[in-house]
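Chemist: Here it is, the structure in full.
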Amino acid sequence: MTHDARALQWDDQVQAVESQVSSRLGQEVAILELDRGLYFGLNSTGTRIWELLAEPVTVRDIHSAIVSEFEVDGEVASRDVLDLLEKLREAGLIRVVHAG
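Using the numbering used here, the first residue of the sequence shown is number 1, and each one after it goes up by one.
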């Protein structure tokens, strides 16, 4: 998988890749990337983002869901969502379809 250095944009679509397995552990989720054997653990907010990634979804829609479902400032949510999505992309756990 090639990594696109372009920063994620609000209208980009993201989705979990098929080469992973994940398991919910209470309020958290554990993800194993199968090709490289990377393990990833997510807290409750990250778990909700991971659930949203089951289907193609825009970065904007993920942000909106987090702001509406958790008591978090929009600016803080923006930084945290983009940071997590970048980490998931670097780990090969999501694919990105750039808008436009």
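All C-beta atoms in this analysis are idealised placements derived from N, C-alpha and C, irrespective of residue type, glycine included.
Hey, could you find the ends of the alpha helix (DSSP H) Glu71 is sitting in?
Modeler: Per DSSP, Glu71 belongs to no alpha helix (DSSP H) and is neither H nor E.
Chemist: Can you grab the Cα-Cα spacing for the pair Arg95 / Asp83, in whole Å?
Modeler: The alpha-carbon atoms of Arg95 and Asp83 are separated by roughly 15 Å.
Chemist: In or out: Leu42 buried (at least 16 other Cβ within 10 Å) or exposed?
Modeler: Buried is the call here.
Chemist: If Thr47 sits next to Val29, beta carbons under 8 Å apart, how far is it from one beta carbon to the other, in whole angstroms?
Modeler: With 8 Å as the limit, Thr47 and Val29 qualify as a contact, their Cβ atoms being about 4 Å apart.
Chemist: Does Leu25 come out as helix, strand or coil in the three-state DSSP assignment?
Modeler: Three-state DSSP puts Leu25 in a strand.
Chemist: Closer than 8 Å by C-beta to Leu8: which residues in its own chain qualify, once you throw out the five before and the five after it? Chain order, please.
Modeler: Around Leu8: Val14, Val59, Leu82, Leu85, Glu86, Arg89 and Val96.
Chemist: Quick check on DSSP: helix, strand or coil for Gly37?
Modeler: Here Gly37 sits in coil by DSSP.
Chemist: In the DSSP assignment, what residue or residues form a beta bridge with Val59?
Modeler: Answer is none; Val59 lacks a bridge partner.
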